[in-house]
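S.K.: All letters in the sequence shown, in the order written, are residues 1 to 311 by UniProt numbering. Before I ask anything, here is the structure I am working with.
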Amino acid sequence: MSKNPIIAINQSKVANRPESYETMMKVGPKVCITTASHPGFLGFEQLLQTGIHPMAGRYGGGAVDMHETLNPISMFQYTVWKDVKSHEEMHHENFKEIFELCGSCLDMVIEGPWEPYYEVIRSDLPLIMGMTDIPAVLGKSFAEQKPVPKVALSAKRSIAIGDHWVMDGHEEAFEKGAIETLTWMKENVPGMIGWMVMKQFGVSAIGSFQFDPKGMLKATLGANPPEYNTNYGSQVPDKPLIPGQKPTQYLVHMEWESPEHAHMGIAHAMLDYELRQIHNEGVLAHLDKGPYYMLFGPMMEQGQWRKKLVF
1 MSKNPIIAIN QSKVANRPES YETMMKVGPK VCITTASHPG FLGFEQLLQT
51 GIHPMAGRYG GGAVDMHETL NPISMFQYTV WKDVKSHEEM HHENFKEIFE
101 LCGSCLDMVI EGPWEPYYEV IRSDLPLIMG MTDIPAVLGK SFAEQKPVPK
151 VALSAKRSIA IGDHWVMDGH EEAFEKGAIE TLTWMKENVP GMIGWMVMKQ
201 FGVSAIGSFQ FDPKGMLKAT LGANPPEYNT NYGSQVPDKP LIPGQKPTQY
251 LVHMEWESPE HAHMGIAHAM LDYELRQIHN EGVLAHLDKG PYYMLFGPMM
301 EQGQWRKKLV F
């Protein structure tokens, strides 16, 4: 693995109803403040599903805009860390607080949480900024005679996350093909802001609330924390306790100006002849499952961690 930060993505499905959003806005900031108590914490993005990419009708029952009709909806919470041990230490040190906070959300959870770890294979994501930041950024690029940079507006873009399960032994070829595909798209497709390729290498047991039998039964009582213990014990590990998924799971994270740009942009992989060959041979030829793209909108975010990714 590289020395770049790692990303833990807490994945769950929640009931799409007004009370869920009220709970998110009440509990979410408290969880973020608690998480930020550890020095190994580098940043976060909380994303809420808004739809899916129908992929030329293969998933024609879905649509780009399903924020009112899709139920349940996926919630992905990225937390970025110096290393696995930092993440596990945070959960250990703040176990009771996090359990109580998350316990108050159980009435909206349909599935999860499940918290895999991801290594960032490659990233070409710009920094997140507001509208008032743009003149200074553009002025700096003009003064330095550099190309105009892409701009990722805070809470005002669409994020497409593609799930790819890669054939055993094909990981290197897939990574090369995915990077080539995404590089082509950023250079040629209108509205694409940036991208990142992530490889799953394990799952946090405690972050997924995977307790030992005694704790699992006690956890059903809500905000009454069991003892910190999983089927692997109560020690703080420096590597994921739950092994990485096989076939290997990769997530392709793309950022677009809007859901409509994401819809039309991803379709270039099927409709542009040059890109189609790159994507067919470099990506699709190496898959056991996928791709399946969900569309998300940022709910809360603190994106300085992007500065720490070096390639």
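Just so it is clear, CB atoms sit at the ideal spot from N, CA and C, and this is done for glycine as well.
1. Taking all protein chains shown into account, do 16 or more other C-beta atoms lie within 10 angstroms of the C-beta of Gln145, making it buried, or fewer, making it exposed?
2. When DSSP labels each residue in this structure, what does His253 get in the three-state scheme?
3. Just to confirm the assignment: which complete alpha helix (DSSP H) runs, minimum length 4, are found wholly within the segment 109-148?
4. Return the Cβ separation of Cys105 and Thr23 in integer angstroms, given the expectation that the two are a contact with Cβ distance under 8 Å.
5. For the alpha helix (DSSP H) that Asn224 lies in, which residues bound it at each end?
6. For Val310, which residues from the same chain have a beta carbon less than 7 Å from its beta carbon, with the 5 sequence-adjacent residues on both sides left out?
7. Under 7 Å Cβ to Cβ from Lys96, same chain only, skipping five residues before and after it: list those, please.
8. What is the DSSP secondary structure of Ile206, reduced to helix, strand or coil?
9. Is Gln245 helix, strand or coil by DSSP?
10. If you follow the alpha helix (DSSP H) that Phe174 is in, where does it begin and where does it stop?
11. Distance, Cα to Cα, Val236 vs Lys85?
12. How about the segment 36-43 and the segment 107-123: do they share at least three Cβ pairs that are nearer than 8 Å?
M.R.: Considering the structure as presented:
1. Your numbering for residue 145 matches position 145 in the sequence shown. By the neighbour-count rule (16 or more Cβ atoms within 10 Å), Gln145 is not buried but exposed.
2. Position 253 of the sequence shown, counting from 1, holds the residue named residue 253. His253 falls in the strand class under three-state DSSP.
3. Runs of alpha helix (DSSP H) with 4 or more residues, each lying fully within the segment 109-148, are found at 134-143, listed in chain order.
4. By 1-based counting over the sequence shown, the position of residue 105 is 105. By 1-based counting over the sequence shown, the position of residue 23 is 23. The Cβ separation is near 6 Å, so the contact holds.
5. Here residue 224 is taken as the residue at index 224 of the sequence shown, counted from 1. No alpha helix (DSSP H) contains Asn224, which DSSP labels as neither H nor E.
6. Numbered from 1 along the sequence shown, position 310 holds the residue referred to as residue 310. The residues are Asn4.
7. Mapped onto the sequence shown, residue 96 falls at position 96. Counting only Cβ-Cβ distances below 7 Å, and skipping sequence neighbours, we find Pro225.
8. For the purposes of this step, residue 206 is taken as residue 206 along the sequence shown, with counting starting at 1. Correct three-state label for Ile206: coil.
9. Here residue 245 corresponds to residue number 245 of the sequence shown, with the count starting at 1. Coil, per DSSP.
10. Taking the sequence shown and counting its residues from 1, the one referred to as residue 174 is at position 174. Looking at the DSSP string, the run of the alpha helix (DSSP H) that includes Phe174 is 171-188.
11. Walking along the sequence shown from the start, residue 236 turns up at place 236. Walking along the sequence shown from the start, residue 85 turns up at place 85. Here the C-alpha atom of Val236 lies approximately 7 Å from the C-alpha atom of Lys85.
12. The segment 36-43, when compared against the segment 107-123, does not touch it at the 8 Å Cβ threshold.
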